[in-house]
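Residue numbers (my numbering): -5 to 448.
Cβ coordinates follow ideal geometry from the N, Cα and C atoms, glycine included.
Every value quoted in this text rests on a predicted model; they were computed, and no experiment measured them.
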């Protein structure tokens, strides 16, 4: 007889493993039960909060048996904020968990009996706190005072925050200065009751060269915002660039649109990675943990084993950091990126670094590959968004048949699904997980595939 579950129902669960979102997973009468903040080997009394046809979400009422790997989270709002998922787990064990998440995704989606050692040990980040170099902070006004904060997990509920310990400390100092200057100039965050205010969100980025760029995401203009920006640069000398961008009611994705404009300082900030120089605009994508990104790109280069006579393709190139790393090891690189601003930034940094064998193509992968059909591509590099490559792109790869594929992934599930399709004609040689974002459940990885021999 199939069991019927109800919200509010109490269960006792043995936690077996950790899911892709960092939650503990156990089973009750063969139904998967997802329990945030629970750890493997723990026995927990839980209360059901949501019921779905194939799973249950529940919250811990009491932990009867505690994992030896459980530690005290260092953030005072960890259990309210949705930014981190694994602060309660010792970092040595986090590395094991992230490898296991990849392993479980491969077992579930590739439907292949892969060698047990195909997935290597997780490459850990040297910094596990204060590593994140970009912050996006909603600003709220309660009728008397402005507050900075974060959003609760899986919601838009505002959680007030004094400082975020996984972000660079200088960014927290900048946010504190902004709050003080907002009070000085009577500039308001969003009032949730009236839905009015001036600044919705503050986005700030710091580079390894200690240059900070601040962008105000604005609901309604305030004539003193320029004054605030100038004062901010005086109070915080690391701030070199300040922008504003107006909220657009029907904008679906991201903060940036055509209203973006500089209101103080310069239009770009300088970044350095592996001695390569980059100039970053607010909308430019750049890795949030540069020292770990450096190791990530070095591993991609190492696995590719490029030869000086070979031609490479760098898809989903963004500002083309991969192209920078691989250019000196091969004859030519075609960097493919659909976003115009990213292409401009890529061309600018390539020129600045005296790299002349990379061609940046503003194009979709399909259109670019069609234009390059007479060129022999030896190695393809991919670093796609969380949605992965998808069947259409993979079909084009399987027609082109490069000798080697180096796949950088930020989503174990889509990686495994893509690998299943690619392995029709390729052999998966290895996958190396990276802890790019310590304290979170996110898993990045680099995989090498080689063309099967006839």
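Requested in this report: Might you give, ordered along the chain, the residues of its own chain that have their beta carbon closer than 8 Å to the beta carbon of residue 289, omitting 5 neighbours on each side?
Outcome: If you number the chain shown from 1, residue 289 lands on position 295. Same-chain partners within the cutoff: 117, 428.
Using 10 angstroms around the beta-carbon of residue 207, count the other beta-carbons present and answer buried if the total reaches 16, otherwise exposed.
-> Walking along the chain shown from the start, residue 207 turns up at place 213. Looking at its Cβ environment, which holds 16 or more other Cβ atoms inside 10 Å, residue 207 is buried.
request  = Would you identify the three-state DSSP class for residue 91, choosing helix, strand or coil?
outcome  = Within the chain shown, numbered from 1, the residue matching residue 91 stands at position 97. DSSP places residue 91 in helix when its eight states are reduced to three.
Can you tell me which residues form a DSSP beta bridge with residue 239? To locate residue 239, count along the chain shown from 1; it is residue 245. Looking at the DSSP assignment, residue 239 forms a beta bridge with 211.
**Study point:** Ranges of the beta strand (DSSP E) found wholly within the stretch 142 to 203, counting only runs of at least 3
**Key:** 152 to 154, 193 to 200
field: Three-state secondary structure (DSSP) of residue 333
entry: Residue 333 sits at position 339 when you count from the first residue of the chain shown. Three-state result, residue 333: coil.
Looking at the strands, I want to know which residues DSSP matches up with residue 377. Your numbering for residue 377 matches position 383 in the chain shown. Bridge partners of residue 377: none, in fact.
Practice problem: Using 10 angstroms around the beta-carbon of residue 411, count the other beta-carbons present and answer buried if the total reaches 16, otherwise exposed. | Solution: Position 417 of the chain shown, counted from the first residue, corresponds to residue 411. Buried: at least 16 other Cβ atoms inside 10 Å.
query: Excluding five sequence neighbours on each side, which residues of the same chain lie with their C-beta closer than 7 Å to the C-beta of residue 58?
result: Here the question's residue 58 lines up with position 64 in the chain shown. Once the five neighbours on either side are set aside, the close Cβ partners of residue 58 are 37, 38, 39.
Exposed or buried, residue 105, counting other C-beta atoms within 10 Å across all chains shown (16 or more means buried)? For the purposes of this step, residue 105 is identified with residue 111 of the chain shown, where counting begins at 1. With fewer than 16 other Cβ atoms within 10 Å, it is exposed.
Notebook entry, point to check: Are the stretch 392 to 407 and the stretch 362 to 377 touching, with three or more C-beta to C-beta distances below 8 Å?
Noted result: yes
- When DSSP labels each residue in this structure, what does residue 441 get in the three-state scheme? What you label residue 441 is simply residue 447 of the chain shown in a count that begins at 1. Residue 441: strand per DSSP, three-state reduction.
>> Tell me the rounded alpha-carbon separation between residue 103 and residue 408.
In response: To locate residue 103, count along the chain shown from 1; it is residue 109. To locate residue 408, count along the chain shown from 1; it is residue 414. When rounded, the distance between both Cα atoms is 9 Å.
Same chain, Cβ closer than 8 Å to residue 298, five either side skipped, listed in chain order
Translated into the one-based positions of the chain shown, residue 298 becomes position 304. Hits under 8 Å: 306, 320, 323, 373, 375, 398, 400, 442.
Note to self: Shorter than 7 Å, the distance from the beta carbon of residue 414 to the closest heavy atom of the ligand GTP, or not?
What the structure shows: By its list of ligands, the structure shown contains no ligand whatsoever, and the ligand GTP lies outside what it can speak to.
**Message:** Please report the straight-line C-alpha distance between residue 246 and residue 153, rounded to a whole angstrom.
**Reply:** By one-based count along the chain shown, residue 246 stands at place 252. By one-based count along the chain shown, residue 153 stands at place 159. Confidence is the limiting factor: at residue 246 the pLDDT is only 49, short of 50, which leaves the residue's position unreliable and the question unanswerable from this model.
Does the contact criterion of 3 or more C-beta pairs under 8 Å hold for the stretch 107 to 122 versus the stretch 171 to 185? no
- Could you check where the beta strand (DSSP E) with residue 325 kicks off and where it finishes? As a first step, residue 325 is located in the chain shown; it is residue number 331 there, counting from the start. No beta strand (DSSP E) holds residue 325; DSSP gives it neither H nor E.
For the pair the stretch 265 to 283 and the stretch 124 to 142, tell me if three or more CB-CB distances fall below 8 Å.
yes
Fill in: Coarse secondary structure for residue 61, derived from DSSP in three states
By one-based count along the chain shown, residue 61 stands at place 67. Note: residue 61 maps to coil in three-state DSSP.
For residue 239, which residues of its own chain have a beta-carbon under 8 Å away from its beta-carbon, when the five flanking residues on both sides are left out? Numbered from 1 along the chain shown, position 245 holds the residue referred to as residue 239. So the list reads 209, 210, 211, 212, 249, 250, 251, 253, 254, 255, 276, once near-sequence residues are dropped.
Name the two residues that bound the continuous beta strand (DSSP E) containing residue 420. The residue labelled residue 420 in the question sits at position 426 within the chain shown. Per DSSP, residue 420 belongs to the beta strand (DSSP E) from 420 to 428.
Exercise for the section: Can you grab the Cα-Cα spacing for the pair residue 90 / residue 140, in whole Å? Expected result: The residue given as residue 90 occupies position 96 in the chain shown. The residue given as residue 140 occupies position 146 in the chain shown. Roughly 41 Å separates the two Cα atoms.
Next on the checklist: As a quick exercise: from 78, 193, 198, pick the residue whose alpha carbon is nearest that of residue 145.
Outcome noted: As a working mapping, residue 145 is identified with position 151 in the chain shown. The option with the nearest alpha carbon to residue 145 is 78.
With a CB to CB cut of under 7 Å and the five nearest residues on each side skipped, what residues in its chain are close to residue 341?
As a position in the chain shown, residue 341 is number 347, starting the count at 1. Within the same chain, residue 341 has close Cβ partners 354.
> In terms of residue numbering, what span does the alpha helix (DSSP H) encompassing residue 289 cover?
Replying inline: Taking the chain shown and counting its residues from 1, the one referred to as residue 289 is at position 295. Residue 289 -> alpha helix (DSSP H) spans 284 to 298.
Check: DSSP state of residue 274, grouped into three classes?
Finding: To locate residue 274, count along the chain shown from 1; it is residue 280. Note: residue 274 maps to strand in three-state DSSP.
- Query: How should residue 296 be labelled, buried or exposed, when 16 other C-beta atoms within 10 angstroms of its C-beta is the threshold for buried?
  - Reply: Counting from one through the chain shown, the residue named residue 296 turns up at place 302. Classification for residue 296: exposed.
Using the three-state DSSP reduction, which class does residue 42 fall into: helix, strand or coil?
Locating residue 42 in the chain shown gives position 48, where the first residue counts as 1. The answer is strand: DSSP assigns residue 42 an E or B state.
Practice task
Note the first and the last residue of the continuous beta strand (DSSP E) segment covering residue 4.
Solution key: Residue numbering aside, residue 4 sits at position 10 when the chain shown is read from its first letter. Taken as a continuous stretch (DSSP letters only), the beta strand (DSSP E) holding residue 4 covers 4 to 12.
Review point. Looking at the structure shown, is residue 227 part of a helix, part of a strand, or coil, going by DSSP?
Key: By 1-based counting over the chain shown, the position of residue 227 is 233. Residue 227 falls in the helix class under three-state DSSP.
Report task. Assign residue 134 to one of two classes, buried (16 or more other C-beta atoms within 10 Å of its C-beta) or exposed (fewer than that). Result -> Here residue 134 refers to the residue found at position 140 of the chain shown. Under this definition residue 134 is a buried residue.
DSSP three-state call for residue 366: helix, strand or coil? As a working mapping, residue 366 is identified with position 372 in the chain shown. If DSSP states are grouped into helix, strand and coil, residue 366 belongs with coil.
Buried versus exposed, by CB contacts within 10 Å (16 or more), residue 450: The chain is shown only over -5 to 448; residue 450 falls outside these bounds and no answer can be derived.
- Item | Nearest-angstrom Cα separation, counted from residue 92 out to residue 65 | In the chain shown, the residue the question calls residue 65 occupies position 71. In the chain shown, the residue the question calls residue 92 occupies position 98. If I take the Cα positions, the gap works out to 17 Å.
Inter-residue spacing [alpha-carbon to alpha-carbon] between residue 165 and residue 386: For this step, residue 165 is matched to residue 171 along the chain shown. For this step, residue 386 is matched to residue 392 along the chain shown. Looking at the two C-alpha atoms, the distance is approximately 41 Å.
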